[in-house]
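Written out below as structure tokens is the structure these notes cover.
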Amino acid sequence: MCILLVSTEHPAYALVVIDNRDEFILRPTSRPHWWRANTQEVLSARDLQREEQGTWLGITKHGNLAVLTNYRETDVNDKEHPVQGSRSRGGMVTAWLTSHEDEDAGAFVERLLEGEGVKDVGGFSLLCGKLRRRKEGERKEITPLAIVSNRCGAAEEVPWIGEKRGEVYGLSNTSYMDPVTWPKVELGKEKLSRAITETVEESLGEDHFVRKLFDVLDTDTLPPANGQSFEELIFQLRESIFIPSIGDAVPAVGITKPDRKLSDAVERLEEAETPNIAAPPIMSGTYGTQRQTIVLVDWDGKVSFIERSLWDDSGKPIPRGEGDMKFEFQVEGWDALDNECNTGKAPRNVMRRNMVAANTQLHALQSLYIGGYDCPSTVVLKVASTTPANRRASCR
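Given below as structure tokens:
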């Protein structure tokens, strides 16, 4: 049961994003690395279990940000929202991350939802946006982020977040518009807000702030299993931000483990090192929080991307910090909107949010999203940007 928390509360950062990815431990997944597609240079880990090699969280040098959470539809008679979709949900993340650098988030959302849209995709929520500073006088803002789901029939129904300062948002394995908020999301929002307040009051630097954010992601309030099976514990997973390993330690027969060369490739993080692995789905073995990711974007457009692996490719735990990778780079086109899009108006989709909330009656749904992890040692990579983006982001 993954969790995504987003905040605009820290005065030194335009955006703070933290994410726990909960998964069956042995699902093969690459380390985060730079890879190129179309005109985009993308930073993400990639799922090697599926042929599409999609991802759940990624960012590009041009500032395209995407994070995916999945949820399980339960009404087998609802043909508009199938329990199991025929299209990859991770592929939608890739679609935004690899879109043309001139396409803004609003145009992408409309393109994603046009025609049949996402009707043949299972339950999901996709946070996506193009990171741009929007400045008017002394007030600083960023362009908003969309939260698209399979429940959105048209672009006008999509909620937008992140435009206002002093906000914190949370999302787990339910629809963002679900009137029922999981306890882990409420707790996560409280703890993230507290961590930011303490960091500001104590004038702590980024390293200390990152440690506090990992402390939030490590919050474990799951009751002891006491011999309960994974199936018996599944509804309790909505209570805890961090999920310790639970379930059968013996993986299913026929599971393909991650390619061994990925374990030796810390200094050669290239697309060629993410082989196409077509293995049977991993639906057994131990399950728990596998990856923890932090994305910090300051007001100069500098991104700090830190991802922590908690398990190696044999399913053995990695001591905290020894599986960390850190990347730093500058968003190209970060200042493109200065003095261009300063109306202060919310996108038209935001203005429809109250109407959508009033008409949306969803239930808390159980879900699992498949991912899997391996363990690098700590690495810091710095990438300089050179070419600013020429097109302004969506100001609708």
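This note's numbering applies: residue 893 is where the sequence shown begins, and numbers increase by one. We put the CB at the ideal spot given by N, CA and C, even for glycine.
Helix, strand or coil at residue i according to DSSP, with G and I counted as helix
i	result
L907	strand
K1208	coil
H1100	helix
I951	strand
K1194	strand
K1081	helix
G983	helix
Q932	strand
K1218	strand
Q921	The question names Gln, yet the displayed sequence has Thr at residue 921. T921: strand per DSSP, three-state reduction.
P974	Residue confidence is low: P974 scores 45 on pLDDT, short of 50, so the model does not pin down where it sits. Its coordinate-derived value is still stated next. Coil, per DSSP.
I1133	coil
V1158	Below a pLDDT of 50, predicted positions are generally treated as unreliable, and V1158, at 25, falls in that range; no measurement from the model is reported.
Within 8 Å, strictly: CB atoms of residue i and residue j
i	j	result
S1067	S991	no
L960	G1080	no
W988	C1020	yes
K1022	D996	yes
V934	T952	yes
R1130	W1203	no
N962	G1015	yes
S1085	V1060	yes
G998	T900	no
V1072	V1001	no
E944	G1007	no
I917	G1215	no
P924	M1217	yes
G1054	L1229	no
S1196	E1123	no
Q932	N956	yes
R1025	K1032	yes
Bridge-paired residues (DSSP) for residue i
i	result
L896	D911 and L1063
S1121	Bridge partners of S1121: none, in fact.
I1039	L1019
Q941	DSSP, once it has assigned bridges, lists no residue as partnering Q941.
L1188	V908 and S1196
T1181	D914
V959	L949 and L1019
S1201	R1183
I1138	Y1179
W1226	For W1226, which the question treats as bridged, DSSP gives no partner whatsoever.
W1074	DSSP, once it has assigned bridges, lists no residue as partnering W1074.
I1053	L1037
Residues near residue i by beta carbon distance below 7 Å, same chain, minus five either side
i	result
N912	C894, I895, L1109, I1133, F1134, T1181 and Q1184
V1092	H902 and P903
G950	V934, L935, S936, A958, V985 and L989
A1046	L1005
C1044	L1005 and V1050
Y905	L1188, V1189 and D1190
M1112	According to the sequence displayed, residue 1112 carries Asp and not Met. If we look at D1112 and ignore the five residues flanking it on each side, its Cβ neighbours are S1132, F1134 and P1136.
P1209	L1202 and W1203
Chain-order list of residues whose beta-carbon lies under 8 Å from that of residue i (same chain, five-residue window excluded)
i	result
F1106	Q1184, I1186, R1200 and R1212
A1087	F1101, K1104, L1105, D1107 and V1108
Own chain residues within Cβ distance below 6 Å of residue i, not counting five before or after
i	result
V909	V898 and V1187
G1193	Q1222, V1223 and W1226
V1077	G1062 and S1064
S1137	T1178 and G1180
P1115	none
Entirely enclosed beta strand (DSSP E) segments - the segment 985-1037, minimum 3 residues: 1016-1022, 1025-1028 and 1031-1034
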